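Chains as they are written, first to last, in this note's numbering: chain Y, 1 to 158; chain C, 159 to 316.
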DNA sequence: TAATATGGACAACGAAGTTGTCTATATGGT
DNA sequence: ACCATATAGACAACTTCGTTGTCCATATTA
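Put into structure tokens, the structure is as follows:
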């Protein structure tokens with residue numbers, strides 16, 4: 001039993017959102033400074049979703065929770081920006097395999113590193129113990145694959 | 159010092175996002191069942207932002223972190239749905255004051271109640287103590303006014 | 001081999017932002 | 001009191017990024 005009154009219920013989701021945005025905006029800013037200014041914040045996750053082995057538009061859409069067409073458009077963008085390339089699959093002539101280019105790999109590595117750095121900073125602010133508690137709490141409250149980005153334009157940069 | 163390895167840095171933001179969406183989707187579902195099926199999840203926050211005293215499009219846009227035009231369009235939608243109405247300000251003929259209708263007030267009350275219920279459920283899952291820790295942690299990590307919804311389409315329902 | 005399923009491309013559309021411009025009204029300095 | 005500037009709102013054109021629907025090529029299976 002706590003004697004303090006509980007905060008209003010709508011604060012928690014707003015904080016979750018704010019915290020998320022804080023991380024993403026930071027990532028975006030840093031990765032822009034490291035030579036990838038064209039990247040939308042979302043793309044860091046897309047790279048993670050493509051992974052080092054490549055994937056297809058359909059599979060990517062499934063992973064991200066959007067239609068294959070939407071995934072295809074994202075890929076088209078990333079292709080124009082030089083982050084991914086499309087090859088063909090010798091084992092299945094229908095499939096066009098999407099792979100990260102060197103630039104894409106570089107970006108993936110940087111985004112992973114920056115994410116880790118940001119986590120380290122949060123760990124310094126909060127204490128590693130407390131941060132893990134927080135992560136554990138979130139895992140219990142929102143279990144499951146966190147990798148669904150089916151949140152149209154949650155990242156929209158102007 | 160923890161002996162377990164830290165999770166990859168990108169997990170935390172994804173969990174934050176997932177947790178946020180979980181709450182919002184639940185709210186959306188419940189409020190639809192209570193007679194407001196046309197509402198987009200975002201609207202609960204918009205009602206909160208309008209508040210009981212009403213506001214204007216410009217002020218609303220400022221609060222939500224979007225352009226006044228965008229806020230105006232949202233208001234137009236909500237007006238068509240019967241949740242808000244626009245009146246004039248006798249003290250300033252330029253201003254059109256946006257106020258919640260009875261239906262809007264009903265919805266605001268319900269969304270506040272449901273948010274509280276959801277928080278109570280999380281409190282039951284996690285323990286009130288732990289939930290407060292989590293909220294405190296988030297406040298420290300992402301301080302400031304959480305009321306900025308300047309995240310275009312973060313709520314987009316299909 | 002024929003029927004079905006799947007991957008990808010293209011087009012039309014919609015939702016929800018943006019900027020730019022215009023008008024009406026307030027407000028403040030001279 | 002008057003003109004310059006700032007602000008509120010409306011309207012239009014555009015962008016972004018999603019959706020659905022359709023179509024074709026290729027695999028898979030009965």
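Every residue, glycine too, gets a C-beta built ideally from N, C-alpha and C.
The structure presented is a predicted model; accordingly, all values stated were derived computationally and were not measured.
- Query: In its own chain, which residues sit with a C-beta less than 7 Å from the C-beta of residue 185 (chain C), not counting the 5 before and 5 after it?
  - Reply: 199, 202, 269, 272, 273, 276
- Where in the segment 204-251 of chain C do unbroken runs of the beta strand (DSSP E), each at least 3 residues long, occur, reported from the N-terminal end onward? 242-247
- According to DSSP, is residue 198 (chain C) helix, strand or coil? coil
- Message: Less than 8 Å between the C-beta atoms of residue 214 (chain C) and residue 253 (chain C), yes or no?
- Response: yes
- Query: Can you name the residues of chain Y whose CB is closer than 8 Å to the CB of residue 288 (chain C)?
  - Reply: 133, 137
- Closer than 6 Å by C-beta to residue 61 (chain Y): which residues in its own chain qualify, once you throw out the five before and the five after it? Chain order, please. 67, 68, 71
- Message: Please report the straight-line C-alpha distance between residue 53 (chain Y) and residue 8 (chain Y), rounded to a whole angstrom.
- Response: 45 Å
- Look at the alpha carbon of residue 179 (chain C) and the alpha carbon of residue 17 (chain Y), and state the distance between them as a whole number of angstroms. 9 Å
- Query: What do you reckon, are the CB atoms on residue 259 (chain C) and residue 234 (chain C) nearer than 8 Å?
  - Reply: no
- Message: Buried or exposed for residue 19 (chain Y), going by 16 or more other Cβ atoms inside 10 Å?
- Response: buried
- Task: Output, in chain order, the set of chain C residues within a Cβ distance shorter than 8 Å of residue 69 (chain Y).
- Result: Near residue 69 (chain Y) there are no residues of chain C at all, since even the closest Cβ is about 13 Å away, more than 8 Å.
- Go to residue 162 (chain C), then tell me how far its alpha helix (DSSP H) extends in each direction, as first and last residue. Note, residue 162 (chain C): premise wrong, no alpha helix (DSSP H); not H, not E.
- With burial defined as no fewer than 16 other Cβ atoms inside 10 Å of the residue's Cβ, what is the status of residue 63 (chain Y): buried or exposed? buried
- Query: Thinking C-beta only, is residue 12 (chain Y) closer than 8 Å to residue 293 (chain C)?
  - Reply: yes
- Message: Measuring straight from C-alpha to C-alpha, what distance separates residue 194 (chain C) and residue 265 (chain C)?
- Response: 7 Å
- Task: Just the chain C side, please: which residues come within less than 8 Å of residue 10 (chain Y) by C-beta, in chain order?
- Result: 202, 203, 206, 269, 270, 273
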